[in-house]
């Protein structure tokens, strides 16, 4: 088996396997109707990070790669984290002070979907915060660590490969948030897809910055929607 075929199969396995585990876990947790929302969201976050992370690790190992190759390193950890937090704070300010109020506010499809998911109890809100933190980490391992890195490598690793992989990953990430409607797809495609991918390239293919930026936005968005919408 050639290295390229091995890598292509690893990417398919990682993407399909991650979503299969997460969707199955969500279905089982929802089916267990007696679970409080906070417990369900916390459990889902743990599944995404632990079992989803294991799928990503297996995919990389099949391709004869390691998590460190994909950017899970401690190099420049402090500066990367601070950069990521700064970008998350900036994006949140632009969204909630300018864009969301000007494009429908509480009636926007993504705000409506997220508000319904969060609910009105502090127990559910606390579970959402845990899911936001753990889920964003797992999603970055998948979309940046495995898919963006792997697709670019599969395409030769040059500028053209980075452009192709960025477009593909941004599109996949946007479509994965289709439950939020077009507003969510567009915003998520730009921030979670395009901007996080560019941040990964800018920070030397290290994951700390996009993880921090993704988690910061998720935590702020959940908090503002719960308190203000």
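Numbering (the working numbering), first residue to last: 902 to 1130.
Backbone N, C-alpha and C define an ideal beta-carbon position, used for all residues, glycine too.
Just so we're clear, the structure is a prediction, and the values are computed from it rather than from any experiment.
Are the Cβ atoms of residue i and residue j separated by less than 8 Å?
| i | j | result |
| --- | --- | --- |
| residue 992 | residue 1125 | no |
| residue 1047 | residue 960 | yes |
| residue 1118 | residue 1092 | yes |
| residue 1075 | residue 1068 | no |
| residue 1001 | residue 1123 | no |
| residue 1120 | residue 1034 | yes |
Looking at the structure shown, is residue i part of a helix, part of a strand, or coil, going by DSSP?
| i | result |
| --- | --- |
| residue 981 | helix |
| residue 1041 | helix |
| residue 1117 | helix |
| residue 902 | coil |
| residue 929 | helix |
| residue 949 | helix |
| residue 1088 | helix |
Please report the straight-line C-alpha distance between residue i and residue j, rounded to a whole angstrom.
| i | j | result |
| --- | --- | --- |
| residue 1065 | residue 1095 | 12 Å |
| residue 958 | residue 968 | 7 Å |
| residue 929 | residue 939 | 15 Å |
| residue 1057 | residue 951 | 31 Å |
| residue 1010 | residue 902 | 46 Å |
| residue 970 | residue 962 | 11 Å |
| residue 1016 | residue 926 | 22 Å |
| residue 936 | residue 1026 | 14 Å |
| residue 976 | residue 1029 | 30 Å |
Assuming residue i contacts residue j (C-beta within less than 8 Å), just tell me the rounded distance between them.
| i | j | result |
| --- | --- | --- |
| residue 1045 | residue 972 | 7 Å |
| residue 974 | residue 1107 | 6 Å |
Answer yes or no: does any C-beta atom of chain C fall closer than 8 Å to that of residue i?
| i | result |
| --- | --- |
| residue 905 | In the displayed structure, chain C is absent; only one protein chain is listed. |
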